[in-house]
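**Q** Under the working numbering, the residue at position 115 of the sequence shown is numbered 116, and the numbers go up by one with no gaps. We put the beta carbon where it would ideally sit given N, CA and C, even for glycine.
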Amino acid sequence: MENQTETQFYQDGTVTVTQSRFITQSKTYAMRNISSVHIFEIEKSRIVPILMVLFGIPFLFSGDIFWIGLILIILGILLIVSIKNEFAVRISTNAGEANSIVSKDRDYIKKNCIRIE
2 MENQTETQFY QDGTVTVTQS RFITQSKTYA MRNISSVHIF EIEKSRIVPI
52 LMVLFGIPFL FSGDIFWIGL ILIILGILLI VSIKNEFAVR ISTNAGEANS
102 IVSKDRDYIK KNCIRIE
């Protein structure tokens with residue numbers, strides 16, 4: 002049964018923070034079990050697009066298959082530019098660490114991290 006006198010500090014479409022609970026779309030954490038909260042950056046791998054560019058370079062010097070190299074290089078560069086790191090609110094509890102909210106928007110994560118602290 003939900004406590005009707007529980008003070009709600011923050012709520013948006015996916016997150017609710019009250020005096021005793023931190024609720025996300027998939028989990029509910031008891032505030033008393035949260036020992037620390039911080040922003041964590043999840044770096045996305047760029048190995049595949051870098052390899053595409055590197056494999057495309059030799060094709061540029063092969064007369065008939067020049068276009069294959071050019072396409073590989075262009076696609077690789079587009080992928081490198083489009084891959085964005087993600088940010089998470091990482092909480093530590095007695096059960097370990099967990100990324101409770103993940104987004105590409107650092108400001109949204111920062112705002113939610115402050116609300117939990």
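#1: Using a Cβ-Cβ cutoff of less than 6 Å, which residues in the same chain neighbour Met2 once the five nearest sequence positions on both sides are dropped?
#2: Between the Cα of Glu7 and the Cα atoms of Lys28, Met32, Val38, Val49, which residue gives the shortest distance?
#3: Under a three-way DSSP split, which group does Arg107 fall into?
#4: For a test of the three-state rule: what should DSSP assign to Gly14, helix, strand or coil?
#5: Which residues bound the alpha helix (DSSP H) around Phe60?
#6: Look at the alpha carbon of Ser83 and the alpha carbon of Phe67, and state the distance between them as a whole number of angstroms.
#7: Determine, using beta-carbon pairs with one atom in the segment 41 to 55 and one in the segment 88 to 104, whether at least three such pairs fall under 8 Å.
#8: For Gly64, count the other beta carbons within 10 Å of its own beta carbon; 16 or more makes it buried, fewer makes it exposed. Which is it?
#9: Mapping the DSSP letters down to three states, classify Leu27 as helix, strand or coil.
#10: So for Ser83, helix, strand or coil by DSSP?
#11: Buried or exposed: where does Val49 fall if 16 or more other Cβ atoms within 10 Å of its Cβ makes it buried?
**A** According to the data block:
#1: Low per-residue confidence applies at Met2: pLDDT is 46, beneath 50, and the placement is therefore not dependable, though the value from the model is reported in the following sentence. Correct list: empty, nothing qualifies.
#2: Met32
#3: helix
#4: coil
#5: 48 to 61
#6: 25 Å
#7: Verdict: yes, contact present.
#8: Burial check for Gly64: the Cβ neighbour count within 10 Å stays below 16, so the residue is exposed.
#9: Leu is not the amino acid found at residue 27; the sequence shown has Ser there. Under the three-state reduction of DSSP output, Ser27 falls in the coil class, being neither helix nor strand.
#10: It is helical.
#11: exposed
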